[in-house]
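Chemist:
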Amino acid sequence: MTGISKTFPGVKALSDVALELRPGHVTALIGENGAGKSTLVKILTGIYQPDGGSIQIDGKEVTLPTAEAAQGLGITAIHQETVLFDELTVAENIYIGHQPRNRYGLIDWVAMHARAAAILHGIDAPISTRTRLKDLSIAQRHLVAIARALSIDARIVIMDEPTAALSYKEVEELFGIIDRLKKAGKAILFISHKFEEVWQICEYFAVFRDGGQVGAGRLDEVSHADLVKMMVGRDVTQAFPKLPAEIGEVVLKVDGYCHPTEFDQVSLELRRGEILGLYGLVGAGRSEFCQALFGVTRPSAGMVTLSGKPITVRSPSDAIDAGIVYVPEERGRHGAITAMSIASNISLPSLKVTSRRNFLRMAEEFDLARKYAERLDLRAASLSQPVGTLSGGNQQKVVIGKWLATLPKVIILDEPTKGIDIGSKAAVHAFMSQLAVEGLAVIMVSSEIPEILGMSDRVIVMREGRMAGVFEREGLTPEALVRAATGNKEAAA
Amino acid sequence: MNTLRSLLARREALLVLACLLLLAAITARFPAFSTPHNLAGVFNDTSILIMMALGQSAVILTKSIDLSVAANVALTGMTVAMLNHLAPGLPVVVLIVVALGMGMLLGAINGFLVWWLDIPAIVVTLGTMTIFRGLAFVESGGAWVNAHEMSPTFLELPRALVLGLPVLSWVGILAIVLAATLFTRTGLGRAFYATGGNAVAAVYAGIDIGKTRFLAFVLSGTVAGLCGYLWVSRYAVAYVDVASGFELDTIAACVIGGVSTIGGVGTVGGVVLGALFLGIIKNALPVIGISPFWQMAISGAIIIAAVVINARGERVKGRVILRRKELPL
Amino acid sequence: MSDQSAALSPRHIPDRLDGPLKRALKSWEMLLLAVAIAIAIANSLASPYFLDPWNLSDATFNFTEKAILALAMTFVIISGEIDLSVASIIALASTAMGAAAAAGAGTPVLFLIGLGVGLVCGLFNGFLVAKLGLPAIVATIGTMSLYRGIAYVVLGDQVYKNYPADFAVFGQGYAVWIFSIEFVTFLVLAVIAGVVLHKTIFGRQVYAVGNNALAARFSGVKVQRIKFIVFLMTGAAAGLASVMLTSRLGSTRPSIAVGWELDAVTMAVLGGVGINGGTGNILGVVIAAFVMGLVTFGLGLLNVPGIVMSIFMGLMLILVIALPLVVQRINSHRRIAR
Chain A
1 MTGISKTFPG VKALSDVALE LRPGHVTALI GENGAGKSTL VKILTGIYQP DGGSIQIDGK
61 EVTLPTAEAA QGLGITAIHQ ETVLFDELTV AENIYIGHQP RNRYGLIDWV AMHARAAAIL
121 HGIDAPISTR TRLKDLSIAQ RHLVAIARAL SIDARIVIMD EPTAALSYKE VEELFGIIDR
181 LKKAGKAILF ISHKFEEVWQ ICEYFAVFRD GGQVGAGRLD EVSHADLVKM MVGRDVTQAF
241 PKLPAEIGEV VLKVDGYCHP TEFDQVSLEL RRGEILGLYG LVGAGRSEFC QALFGVTRPS
301 AGMVTLSGKP ITVRSPSDAI DAGIVYVPEE RGRHGAITAM SIASNISLPS LKVTSRRNFL
361 RMAEEFDLAR KYAERLDLRA ASLSQPVGTL SGGNQQKVVI GKWLATLPKV IILDEPTKGI
421 DIGSKAAVHA FMSQLAVEGL AVIMVSSEIP EILGMSDRVI VMREGRMAGV FEREGLTPEA
481 LVRAATGNKE AAA
Chain B
1001 MNTLRSLLAR REALLVLACL LLLAAITARF PAFSTPHNLA GVFNDTSILI MMALGQSAVI
1061 LTKSIDLSVA ANVALTGMTV AMLNHLAPGL PVVVLIVVAL GMGMLLGAIN GFLVWWLDIP
1121 AIVVTLGTMT IFRGLAFVES GGAWVNAHEM SPTFLELPRA LVLGLPVLSW VGILAIVLAA
1181 TLFTRTGLGR AFYATGGNAV AAVYAGIDIG KTRFLAFVLS GTVAGLCGYL WVSRYAVAYV
1241 DVASGFELDT IAACVIGGVS TIGGVGTVGG VVLGALFLGI IKNALPVIGI SPFWQMAISG
1301 AIIIAAVVIN ARGERVKGRV ILRRKELPL
Chain C
2001 MSDQSAALSP RHIPDRLDGP LKRALKSWEM LLLAVAIAIA IANSLASPYF LDPWNLSDAT
2061 FNFTEKAILA LAMTFVIISG EIDLSVASII ALASTAMGAA AAAGAGTPVL FLIGLGVGLV
2121 CGLFNGFLVA KLGLPAIVAT IGTMSLYRGI AYVVLGDQVY KNYPADFAVF GQGYAVWIFS
2181 IEFVTFLVLA VIAGVVLHKT IFGRQVYAVG NNALAARFSG VKVQRIKFIV FLMTGAAAGL
2241 ASVMLTSRLG STRPSIAVGW ELDAVTMAVL GGVGINGGTG NILGVVIAAF VMGLVTFGLG
2301 LLNVPGIVMS IFMGLMLILV IALPLVVQRI NSHRRIAR
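Protein chains in written order, with this note's numbering: chain A, 1 to 493; chain B, 1001 to 1329; chain C, 2001 to 2338.
#1: Enumerate, from N- to C-terminal direction, the unbroken alpha helix (DSSP H) stretches of 4 or more residues contained entirely within the segment 2005-2087 of chain C.
#2: Cα separation between C:L2245 and C:A2238?
#3: For C:F2231, count the other beta carbons within 10 Å of its own beta carbon; 16 or more makes it buried, fewer makes it exposed. Which is it?
#4: A:A114 to C:G2278, Cα distance in whole Å?
#5: Report all residues from its chain with a CB closer than 6 Å to the CB of A:G273; omit the five preceding and five following residues, and keep chain order.
#6: Do you know how far the Cα of C:Y2147 is from the Cα of C:I2089?
#7: Within 10 angstroms of its Cβ, does B:H1037 collect 16 or more other Cβ (buried), or is it exposed?
#8: According to DSSP, A:A77 sits in a beta bridge with which residue or residues?
#9: Return the CA-CA distance between B:G1266 and B:L1061, expressed in angstroms with no decimal places.
#10: Could you check what DSSP says for A:V387 in three-state terms: helix, strand or coil?
#11: Tell me, please, whether the segment 1241-1258 of chain B touches the segment 1139-1155 of chain B by the rule of three or more beta-carbon pairs shorter than 8 Å.
#12: Using 10 angstroms around the beta-carbon of A:H121, count the other beta-carbons present and answer buried if the total reaches 16, otherwise exposed.
#13: Taking C-alpha atoms, which residue in A:W109, A:T89, A:A154 lies nearest to A:I57?
#14: Pull the bridge partners of A:S192 from the DSSP assignment, please.
#15: If we ignore side chains and look at the alpha-carbon of each, how far apart do A:S341 and C:V2327 end up?
#16: When DSSP labels each residue in this structure, what does B:F1125 get in the three-state scheme?
#17: Determine the DSSP secondary structure at A:D414, reduced to helix, strand or coil.
#18: If you measure between the beta carbons of B:M1052 and B:T1250, is that distance less than 9 Å?
#19: Enumerate in chain order the residues of its own chain whose CB-to-CB distance from C:A1967 is below 7 Å, with the five nearest sequence positions on each side excluded.
#20: Name the residues in the segment 2196-2208 of chain C whose C-beta lies less than 9 Å from a C-beta of chain A; which are they?
#21: Figure out for me which residue from B:G1089, B:G1206, B:I1122, B:A1040 has the closest Cα to the Cα of C:T2266.
#22: For B:A1201, which residues in chain A fall below 7 Å Cβ to Cβ?
#23: Starting from A:Q213, trace the beta strand (DSSP E) both ways and give me its first and last residue.
#24: Counting contacts by CB-CB distance shorter than 9 Å, is A:I460 in contact with chain F?
#25: Looking at C:I2077: is its Cβ nearer than 9 Å to the Cβ of C:V2269?
#26: Which full runs of the alpha helix (DSSP H) of 4+ residues lie inside the segment 220-299 of chain A, going along the chain?
#27: Mind pulling the chain A residues with CB within less than 7 Å of C:D2015?
#28: Going by DSSP, what residue range makes up the alpha helix (DSSP H) through B:P1152?
#29: Return no unless some Cβ of chain B is closer than 9 Å to the Cβ of A:L88.
#30: For a quick check, are the C-beta atoms of A:S447 and A:G335 less than 9 Å apart?
#31: DSSP three-state call for A:D135: helix, strand or coil?
#32: Which residues does DSSP pair with A:K309 in a beta bridge?
#33: Measure the alpha-carbon distance for C:I2150 versus C:G2080 and round it to whole angstroms.
#34: With a threshold of 7 Å on Cβ separation, who are the neighbours of A:Q238 within its own chain once the five nearest residues in sequence on each side are excluded?
#35: Any idea what DSSP makes of C:G2400, helix, strand or coil?
#36: Quick check: is the beta carbon of B:A1194 nearer than 9 Å to any beta carbon in chain A?
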């Protein structure tokens, strides 16, 4: 494919990128969050239509107007979020849209279950084809997604960060599957930002940054450092402007926090001016723990002490009143009300302050919004602009500003730089550091090792809902983090 | 033990049990109710509800709702009744084709608005519901078409006995078989489930969710059109308020049958049993001497109870992160 | 778009870009007002009786009760829910008042019973939707059947007629000159609804819940409570409408106010309230109520029967939502073609 572009309202997601895939080989597509990788996948699978450029298979130009058309041309994808059906069985999830038919043209369930079982067997996945998807674990769902991709007689297999939710052992299994696909002559696009994996199984690479292509070629012709430089566009060491903050007394103390299904026995202490990193694989229970702390879900046991006083948090409004705020990972769903204005978003949790006796005072709302918009260096045309029209980074600034306006003691940031551009990312990091210096206690949930290493004073690693280790900043290595998070002694890659 | 529990957890089993208990309770006082002859009568009486509930369930599976079905019955029924009155020579087959075609057209109007303009189904069908019924008034001028104005063949067809059962019952049975085949054995049927279950995943699976919804409305409308003819000929009268409020009964049958109003969950068996449950109650009320005026309140209470039960079953269980042991991989 | 905004200096973010006049001129309400005026002119041309003040006053009776429902419905729809049971609440409240009147209750008691039944029904709806988390469409379809069903159980094919003579004041009395008590009550309620929706924390939270209930909850809004309150509001409004309608008709049948939920929803949507929640305002709904009143009145002058008018209502509901979408669709096609 050459010269692919895609523009969304407010964002140029891809501009003039090119990519080549070869049968029997794995091409790595590398880039940070927001580099345009997922957009490209959606174009290749017929979900989005490109604004320009062309796609060729075997030198013949093709168009992919629908997902069906892409499948028909032998393009299949394993998506980042597993897009499957909770209420349907495993077999049907694998075959929906192309179910085997009997000679009357009706769906042949017997054949479907048999073929699904054969595919699952082929990838060593001992899952019953009659189980409903909602009863499977995340890793098992991923195997179903892989089985689905294999059920289409595909020539091109796209894997969009397939290892994000998998344990070390499961990743090894996946690589076995990839090897088999390679031998079967499939062309594979492997999307990841984990270099170890890329080096382990890929032959070719392409690097995207901010929606553009910044490099491509054979992997054995470049060094690790070259790739990092291409991906980040600057030296990694400069990426984290962590300022030394004065660490004060304990603000938040959590003892033996438990939840029936999500996490178990989590305890921590957080001090003034401290940034506490919370690391773990996707689905390790980090967000769930933070949301319980914020009153979104109820813990089954445990105690929270804020500034020496035990508190009970039954709802987010209790948490906000106590001085704990949470910047959620899913900005559009939990963080911002995208159809409402910047001012209304920022003032929403602080309406009691800006209004008089329950009656709104618009001037106060705009003043409050402007104060935090300017502090966060927000780029917007006006404060009445709907948040949804801002770029991801600026939306995140609005969400952070909304919480700072409540003058909290503890701020929890869940994946604060996920899916935002490099410039905003650095701004968010700098600001986070500034907050710590000003005496706020910060909990930062992140899946990005450089971010955890660069920003945290202390790191707690979670695995499968439990605490798997506490590390001080000094002398902390990526290997130690990965080892604790995956629970595998040899995991250090 | 486990199989027993999983069997009991199924809505169909629960409904069979509920229907049997209901029948047992009525039979205890009025043994005549459960004679095969009377039960066949109950089924015959419920056939129209079964068919329309199946059409409705296709729509609800795709996470929409069709409030216009009863008005569709009124308009289509009035149209064929008037055609029959004005041209008694026209063969009934032609009238049935007219009913099917007209119902399909009305359903397609709903579906088109939902598909092409993405207007919420509730708004579209709330609007078309009054429009269709209003058109029935315009076309008839508010007059009734009575039994003596209809031709004998027009009236007799649903009543004619075939193998001991009236044609109406056979049409109901045929509808059940066709619906079961459509829902479980065709791509379109599974697309209904996929569209309502997870629209995003459906798009990724190459399913056109707009078209699927459109076809669900077409199906629901076509069935309603056929029922328009069946209704006026069975009750031997056509007037503007025919089947007034019947859309609620079709929704009630679906909800009782375990069709999730959030979409993507439900079975043909459940819907049929849900409709039968309502049908038994409706037929039992006069037998046990309760005024038919109770029927509306009872079906309202049952709808609420069924939604509450459904909601309990659907309550999202948390993703279980804490594992007892490592997965057998 | 972002390039444009990024180019602006971050230090000077204005409150808004458009002035108040410009915003008003571009608004849906202005369009509606123009439509209302056009219909009024058409009506006055079509019938010489239209402009008679007493005729106009009579015309207000046709829509004020429905408009009161629409005011409350506006809150429910903006909060992202819908209440299809309002007309059935009217029937149940009216039946309760009829039964009480038959037992000899006086006018103040009847008023309280009407309002009270409405509140209790709203409370039950709120419990189902806010507390149990049921989807509002199905839950209120259930209560729609239940409430009117109870009215049928009580009344069957009977009629309650014996209301005290002074009970007629709510539906037939006049406050000042041609302005009926109903109409004045509606205007007062409209002002209150406008203030509550647009000028209070509660109103802002209703918008937040309707736009994104999850994000609202994450922002400390008590979502359940807001939803509960809006259903209480529709219940109370239906109770009040029931008092007025019963008083105006002087009788109660179980089929009273059939189909009014459609009229209330249509008024709200015609007034620019987005059916998916989160957008709309009271002014638009008030103008829409007048538009619908004028249309009904005009058709009435032309001797169009009620059920045919309902075709217009249904068409209006769909067209009002469809037209902007069609225009948008055509525009975007044109843009691609260019």
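C-beta: ideal position from N, C-alpha, C; glycine also.
Modeler: Based on what the coordinates show:
#1: DSSP runs (the alpha helix (DSSP H)) wholly in the segment 2005-2087 of chain C: 2020-2025, 2028-2046, 2053-2061, 2064-2078.
#2: Along the third sequence, one-based indexing puts residue 2245 of chain C at 245. Along the third sequence, one-based indexing puts residue 2238 of chain C at 238. Their backbone Cα atoms lie some 10 Å apart in a straight line.
#3: As a working mapping, residue 2231 of chain C is identified with position 231 in the third sequence. Counting Cβ neighbours within 10 Å, C:F2231 comes out buried, since at least 16 surround it.
#4: The residue you call residue 114 of chain A lines up with position 114 of the first sequence. The residue you call residue 2278 of chain C lines up with position 278 of the third sequence. Rounded to the nearest angstrom, the two C-alpha atoms are 48 Å apart.
#5: Indexing the first sequence from 1 puts residue 273 of chain A at position 273. Its chain contains A245, E246, I247, G248, A436, G439 as the residues whose beta carbon lies nearer than 6 Å to that of A:G273, once the 5 sequence neighbours on both sides are disregarded; these appear in chain order.
#6: Here residue 2089 of chain C is taken as the residue at index 89 of the third sequence, counted from 1. Here residue 2147 of chain C is taken as the residue at index 147 of the third sequence, counted from 1. Linking C:I2089 to C:Y2147 through their CA atoms gives a straight-line distance of about 6 Å.
#7: For the purposes of this step, residue 1037 of chain B is identified with residue 37 of the second sequence, where counting begins at 1. Exposed is the call here.
#8: Counting from one through the first sequence, the residue named residue 77 of chain A turns up at place 77. Beta-bridge partners assigned by DSSP to A:A77: A:I158.
#9: Counting from one through the second sequence, the residue named residue 1266 of chain B turns up at place 266. Counting from one through the second sequence, the residue named residue 1061 of chain B turns up at place 61. Cα to Cα, B:G1266 sits roughly 7 Å from B:L1061.
#10: Taking the first residue of the first sequence as 1, we reach residue 387 of chain A at position 387. In the three-state reduction of the DSSP assignment, A:V387 falls in the helix class.
#11: The segment 1241-1258 of chain B is not in contact with the segment 1139-1155 of chain B.
#12: Walking along the first sequence from the start, residue 121 of chain A turns up at place 121. A residue is called buried once 16 or more other Cβ atoms fall within 10 Å of its Cβ, and A:H121, having fewer, is exposed.
#13: Translated into positions along the first sequence, residue 57 of chain A becomes position 57. If we check each option's Cα against that of A:I57, A:A154 comes out closest.
#14: One-based indexing of the first sequence puts residue 192 of chain A at position 192. Beta bridge pairing from DSSP links A:S192 with A:I30.
#15: Working through the first sequence from its first residue, we reach residue 341 of chain A at position 341. Working through the third sequence from its first residue, we reach residue 2327 of chain C at position 327. Counting only the Cα atoms, C:V2327 lies some 25 Å from A:S341.
#16: Walking along the second sequence from the start, residue 1125 of chain B turns up at place 125. Residue 1125 of chain B is actually Thr in this sequence, not Phe. Helix.
#17: Numbered from 1 along the first sequence, position 414 holds the residue referred to as residue 414 of chain A. It is a strand residue.
#18: If you number the second sequence from 1, residue 1052 of chain B lands on position 52. If you number the second sequence from 1, residue 1250 of chain B lands on position 250. Yes, Cβ-Cβ distance for B:M1052 and B:T1250 is below 9 Å.
#19: Residue 1967 of chain C is absent from the model: chain C starts at 2001 and stops at 2338.
#20: If the cut-off is 9 Å between Cβ atoms, the segment 2196-2208 of chain C has H2198, K2199, T2200, I2201, F2202, G2203, R2204, Q2205, Y2207, A2208 near chain A.
#21: Position 266 of the third sequence, counted from the start, is the residue given in the question as residue 2266 of chain C. Closest in alpha carbon position to C:T2266, among B:G1089, B:G1206, B:I1122, B:A1040, is B:I1122.
#22: By one-based count along the second sequence, residue 1201 of chain B stands at place 201. Going along chain A in sequence order, the residues near B:A1201 (Cβ under 7 Å) are V83, L84, F85.
#23: One-based indexing of the first sequence puts residue 213 of chain A at position 213. 212-218 is the extent of the beta strand (DSSP E) around A:Q213.
#24: Given the protein chain composition of this structure (A, B and C), no chain F is represented.
#25: Counted from its first residue, the third sequence places residue 2077 of chain C at position 77. Counted from its first residue, the third sequence places residue 2269 of chain C at position 269. Yes, the pair counts as a contact, with Cβ atoms nearer than the cut-off.
#26: Counting only runs of 4 or more, we get 224-232, 286-293.
#27: For this step, residue 2015 of chain C is matched to residue 15 along the third sequence. C:D2015 reaches chain A at F366, S382, L383, S384, counting residues in chain order whose Cβ is nearer than 7 Å.
#28: Looking up residue 1152 of chain B in the second sequence gives position 152. The continuous alpha helix (DSSP H) containing B:P1152 extends over residues 1152-1156.
#29: The residue labelled residue 88 of chain A in the question sits at position 88 within the first sequence. So, interface residue.
#30: The sequence position of residue 447 of chain A within the first sequence is 447, counting from 1. The sequence position of residue 335 of chain A within the first sequence is 335, counting from 1. For A:S447 and A:G335, no; Cβs fall outside 9 Å.
#31: Translated into the one-based positions of the first sequence, residue 135 of chain A becomes position 135. Here A:D135 carries a helix assignment [DSSP, helix/strand/coil].
#32: Taking the first sequence and counting its residues from 1, one reaches residue 309 of chain A at position 309. Paired residue(s): A:L306.
#33: Walking along the third sequence from the start, residue 2150 of chain C turns up at place 150. Walking along the third sequence from the start, residue 2080 of chain C turns up at place 80. The straight-line gap from Cα to Cα measures roughly 28 Å.
#34: Start at 1 with the first residue of the first sequence, and residue 238 of chain A comes out as number 238. For A:Q238, the predicted structure reports a pLDDT of 49, less than 50, and the residue's modelled location is therefore unreliable. A value from the coordinates is still provided. In the same chain as A:Q238, and ignoring 5 residues on each side of it, no C-beta atom comes closer than 7 Å to its own.
#35: Absent from the structure is residue 2400 of chain C, since the part of chain C shown begins at 2001 and ends at 2338.
#36: Counting from 1 along the second sequence, the entry for residue 1194 of chain B is found at position 194. Residue contact check for B:A1194 against chain A: a CB pair falls below 9 Å.
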